[in-house]
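Peer 1: Count along the sequence shown starting at 1, add 417, and that's the number in the numbering used here.
Pasting in a structure now, in structure tokens, and then I'll have a few things to ask.
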Amino acid sequence: MDRFAHLLGRGLSLDGFDAPENRAAVRAGLALAALAMLLRIVFWAVTNRYWEDSLITCLHSENFAAGLGLTHVRPGEPPLHGFTSPLSVLVPLVADMIRIGLGLEFIKLVSIPAAALTVVYAVALGIHPAVRLSTPLTLMVAGFLAVEHHQILFGMAGMETQIATLILVMSFYYTVAWKPLPLGISLGLCMLARPDFAFWTIIPGVCGLLHDRKRLFTVVIPVALALYLPWIAFTTLYYGSPVPHTILAKGLGYVKWYDAPGAMGAAGIVKQTWTVLGEQLLIMLGPTFCGHGGSFHAFFSFGKASPVGLVMGAFALAGAALCATRRRRVLWPVAGFAAVYTFYYVYLVPITFSWYKMPYLAALALLAAAGLDAALSRLAAPWRVRTQTAVAAAWVGLFAAVLPLTFLTERQIQRDIENPVRRAAGEYLRDRMQPDEAVGGEPLGYMGYYSRGNVYDWPGLDSRAVVDWSRKTPQARRSLENMLRELKPEYLFLRDAEVLYSFQMPTWLRINYHPVAAFLADPEKAQRIRWIETSMDVQYRIYKKNRPDDPKPYDQGLWPAAPPVNFRDVDKIFIMGAYYAQEDMPAQAVAHYRRVTELAPGRLDAWHDLAVVLLRAGQRDAARAAAAEIPRRGGRPDPVLVEALKD
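The following block contains the structure:
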């Protein structure tokens, strides 16, 4: 192992990697790197997971390999720059050029050694002579990057996330160690990993201006530009602009928090800060699960915050503050990155998706280690090391402890939701949708990949039609529902939750479309999936535009009526039952009241209102049965209802 460490340190230009005083840290770090690879292989074998967005980028790669162009849209249209990260397409393209379809698996394969190298660079940064974090705290950072669920998930579900995290941590190291050639390479790769890493590239530039202007301008910048400028030239010539279409779509389509009334007042700013920083960013410094793609499930938590995440966030803040002192000044680039991206995510990004955060969390983990190192520095040597070891083991151990649960849940999500619902829906339309037709809905990945059709997604990540519509439409009117109503695609692919609760069974939908297929997760299997209440994707239906020559009558039984299987908020279900009763939609009202009585049999008002709706619908026997539950459960029958139920 020592020989391997020597060769690795030499090959990657890692200072002190083979020094005797660092031997224990390096050996343990290499063991963690091996563990990182092993966990990702196990995850791949157990779950066979595909994240929605990975299918968007890999379809570009497959289309190029098939001779259709580096684009997501159908043949015959000009190519569209429908991906944000160049590497998310370039990496799978290597394999797709060998055999179309291999790219999705290849980017997972690349993510395995990328994870190991991420751990190696984190260890190298911690033991660097200018940094000198203690061995336990260095390994704490490495352990977090090795075992945290989402650090594993996104790369092993086909995203470029692991590669982006590696490149950023590599760039941290070469900035702190100031190695101009590899730094230039890493900065060029940063821009190819994520365009927003442009914010980060400014910080090493400032370092160079302060300490080494000559090599900044003769080595770092030229090397970075040599890697990145060819991509700029290609996209300008091929697409007409280097700016990804996805950035335009998100900027136009997503609601900005500061547009809400009162948002820019003191209370609004405080609310926004806590909502994003506390409930979306720092929460991931504690064990969490967001594999359903919706909200978080935080382990060992209260409310929407994670005590573990808040404590580690406080240490990260302390570590960042220490970067202003001589003791930790060398880490100021990492603190600068964390500060810039905290502001960026909290105030400038409309929706901070979970995979955005993995590189950012690596920076926070490094700063938290620096903060802990300072906080424990006054302890006597034996107790300091023991305490550091205990804290590091406890923090990393929390993430490791939940992996069996999270891995098995990801397996269930893929097997019982993604495959029978979203994938099956895409395959259904692949066999039915004509080349000149389109399907409209919010999600793009599974539908676009498996249907190979034209998708009007929201906010138009790969749709010129949707973005053109957004440009012409006032901000206040931009929404999925308005887009679908006005663009009128031949098919709609909508969640039951969208139709029942966001759109509320609108007239335009009922007049112009009819449901033709339902894709529903099996209720029994869905109920066995942990944290299913955070899923958005358990129930979808495909709707087709009404045509005069359609076979009549349409199947009215296909319209959504019952709440999605994972929707268990009794009060909200009751309110929606009352809404549908008022709107004279008895099927929807009955289904909602019945769900309330299933979840809360003691809700006498639900039994009463269910009986009323059934009576109005002419189902007198069912109404009597519902009304009979009221006295059986200790309630007093409504005399008016009792009289109405008499023969």
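Glycine residues also receive a C-beta, built at the ideal position from the N, C-alpha and C atoms.
(1) Identify, in the order they occur along the chain, each residue of the same chain with its Cβ nearer than 8 Å to the Cβ of Pro1054, setting aside the five sequence neighbours on each side.
(2) Go ahead and label His477 buried or exposed: buried means 16 or more other beta carbons lie within 10 angstroms of its beta carbon, across all protein chains shown.
(3) Go through its chain and collect everything with a Cβ distance to Glu844's Cβ below 8 Å, but skip five positions before and after it.
(4) Nearest to Trp886 by alpha carbon, out of Asp874, Arg1050, Met900?
(5) Would you be able to state if there are at least three C-beta pairs under 8 Å between the stretch 556-574 and the stretch 602-618?
(6) Who does Val872 pair with in a DSSP beta bridge?
(7) Drop a sphere of 10 angstroms on the beta-carbon of Gln851, count the other beta-carbons inside from all chains shown, and report buried for 16 or more, exposed for fewer.
(8) Put Arg912 into one of helix, strand or coil per three-state DSSP.
(9) Would you kindly check if the distance between the Cβ of Ser502 and the Cβ of Arg611 is under 7 Å?
(10) The alpha helix (DSSP H) that contains Leu627, what's its start and end?
(11) Between the C-alpha atoms of Gly1019 and His1009, what's the straight-line distance to the nearest angstrom?
(12) Helix, strand or coil for Pro816? Go by DSSP, reduced to three states.
(13) Going by other Cβ atoms of all chains shown within 10 Å of its Cβ, with 16 needed for buried, is His423 buried or exposed?
(14) At what residue ranges does the stretch 573-616 contain a whole run of the alpha helix (DSSP H), taking only runs of 4 or more?
(15) Looking only at C-alpha atoms, which of Ile946, Ala792, Thr742 sits nearest to Leu825?
(16) Return the chain-ordered list of same chain residues with a C-beta closer than 7 Å to the C-beta of Leu504, the five sequence neighbours on each side being excluded.
(17) Measuring alpha carbon to alpha carbon, tell me which of Asp967, Leu431, Pro970, Tyr957 ends up nearest Ala979.
(18) So the alpha helix (DSSP H) Ala935 belongs to, where does it begin and stop?
(19) Buried or exposed, going by whether 16 or more other CB atoms sit within 10 Å of the CB of Ser794?
(20) Give every residue of the same chain whose Cβ lies closer than 8 Å to the Cβ of Met454, excluding the five residues on either side of it in the sequence, and list them in chain order.
(21) Where does the unbroken alpha helix (DSSP H) through Gln956 begin, and where does it stop?
(22) Gly814: buried (16+ other C-beta within 10 angstroms of its C-beta) or exposed?
(23) For the stretch 451-492, which segments carrying the beta strand (DSSP E) assignment without a break, of at least 3 residues, lie completely within its bounds, in sequence order?
(24) With respect to the alpha helix (DSSP H) encompassing Phe991, which residues constitute its N-terminal and C-terminal limits?
(25) In the DSSP assignment, what are the bridge partners of Ala715?
(26) Please state if the CB of Tyr863 and the CB of Arg849 are separated by a distance shorter than 7 Å.
(27) Met953 to Ala935, Cα distance in whole Å?
(28) Can you grab the Cα-Cα spacing for the pair Tyr873 / Thr653, in whole Å?
(29) Can you tell me the Cβ-Cβ gap for Trp875 and Arg902, rounded? I've got them flagged as a contact below 8 Å.
(30) Rounded to the nearest angstrom, what separates Ser658 and Leu497 at their Cα positions?
(31) Name the residue from Pro750, Asp853, Ala641 whose alpha carbon lies nearest to the alpha carbon of Leu627.
Peer 2: So, to answer that:
(1) Counting from one through the sequence shown, the residue named residue 1054 turns up at place 637. Within the same chain, Cβ atoms closer than 8 Å to the Cβ of Pro1054 are found at Ala1044, Ile1047, Pro1048, the five residues on either side in sequence being excluded.
(2) The sequence position of residue 477 within the sequence shown is 60, counting from 1. Buried, since its Cβ has 16 or more Cβ neighbours within 10 Å.
(3) In the sequence shown, counting from the first residue as 1, residue 844 sits at position 427. Taken in chain order, the residues that qualify are Tyr867, Ser868.
(4) One-based indexing of the sequence shown puts residue 886 at position 469. With distances taken between Cα atoms, Trp886 lies closest to Met900.
(5) no
(6) The residue labelled residue 872 in the question sits at position 455 within the sequence shown. Val856, per the DSSP bridge assignment.
(7) In the sequence shown, residue 851 corresponds to position 434, counting from 1. Classification of Gln851: exposed, given that the 10 Å Cβ count is below 16.
(8) The residue labelled residue 912 in the question sits at position 495 within the sequence shown. Here Arg912 sits in strand by DSSP.
(9) Here residue 611 refers to the residue found at position 194 when the sequence shown is read from its first residue. Here residue 502 refers to the residue found at position 85 when the sequence shown is read from its first residue. The answer is yes: Cβ separation under 7 Å.
(10) In the sequence shown, residue 627 corresponds to position 210, counting from 1. Counting along the chain, the alpha helix (DSSP H) containing Leu627 begins and ends at 615-628.
(11) Position 602 of the sequence shown, counted from the first residue, corresponds to residue 1019. Position 592 of the sequence shown, counted from the first residue, corresponds to residue 1009. Distance between the alpha carbons of Gly1019 and His1009: 15 Å.
(12) Here residue 816 corresponds to residue number 399 of the sequence shown, with the count starting at 1. Note that residue 816 is Phe in the sequence shown here, rather than Pro. If DSSP states are grouped into helix, strand and coil, Phe816 belongs with the helices.
(13) Reading the sequence shown from its first residue, position 6 is the one you call residue 423. So His423 counts as exposed.
(14) 578-594, 597-610
(15) Locating residue 825 in the sequence shown gives position 408, where the first residue counts as 1. Of Ile946, Ala792, Thr742, the residue nearest in Cα terms is Ile946.
(16) Stepping through the sequence shown from its first residue, residue 504 is reached at position 87. Around Leu504: Glu577, Ile580, Leu609, Ala610.
(17) For the purposes of this step, residue 979 is identified with residue 562 of the sequence shown, where counting begins at 1. Ranking the options by Cα distance to Ala979, first place goes to Tyr957.
(18) Taking the first residue of the sequence shown as position 1, residue 935 is located at position 518. Per DSSP, Ala935 belongs to no alpha helix (DSSP H); it is in the beta strand (DSSP E), 930-937.
(19) In the sequence shown, the residue the question calls residue 794 occupies position 377. Exposed, since its Cβ has fewer than 16 Cβ neighbours within 10 Å.
(20) In the sequence shown, residue 454 corresponds to position 37, counting from 1. These residues qualify, in order along the chain: Ile529, Pro530, Ala532, Ala533.
(21) As a position in the sequence shown, residue 956 is number 539, starting the count at 1. No alpha helix (DSSP H) holds Gln956; the beta strand (DSSP E) holding it covers 956-962.
(22) Residue numbering aside, residue 814 sits at position 397 when the sequence shown is read from its first letter. The residue is exposed, with fewer than 16 neighbouring Cβ atoms inside 10 Å.
(23) none
(24) Against the sequence shown, residue 991 aligns to sequence position 574. Where Phe991 is concerned, the enclosing alpha helix (DSSP H) stretches over 987-999.
(25) As a first step, residue 715 must be located in the sequence shown, where it is residue number 298. In DSSP, Ala715 forms a bridge with Thr705.
(26) Residue mapping note: residue 849 aligns to position 432 of the sequence shown, counting from 1. Residue mapping note: residue 863 aligns to position 446 of the sequence shown, counting from 1. Going by C-beta atoms, Arg849 is not nearer than 7 Å to Tyr863.
(27) Taking the first residue of the sequence shown as position 1, residue 953 is located at position 536. Taking the first residue of the sequence shown as position 1, residue 935 is located at position 518. Rounded to whole angstroms, Met953 to Ala935 spans 15 Å at the Cα level.
(28) Here residue 873 refers to the residue found at position 456 when the sequence shown is read from its first residue. Here residue 653 refers to the residue found at position 236 when the sequence shown is read from its first residue. Roughly 25 Å between the two C-alpha positions.
(29) Sequence index remark: in the sequence shown, residue 875 carries index 458 (1-based). Sequence index remark: in the sequence shown, residue 902 carries index 485 (1-based). Rounded, the Cβ-Cβ distance is 12 Å, inconsistent with contact.
(30) Taking the first residue of the sequence shown as position 1, residue 658 is located at position 241. Taking the first residue of the sequence shown as position 1, residue 497 is located at position 80. Cα-Cα distance, rounded: 10 Å.
(31) Start at 1 with the first residue of the sequence shown, and residue 627 comes out as number 210. With distances taken between Cα atoms, Leu627 lies closest to Pro750.
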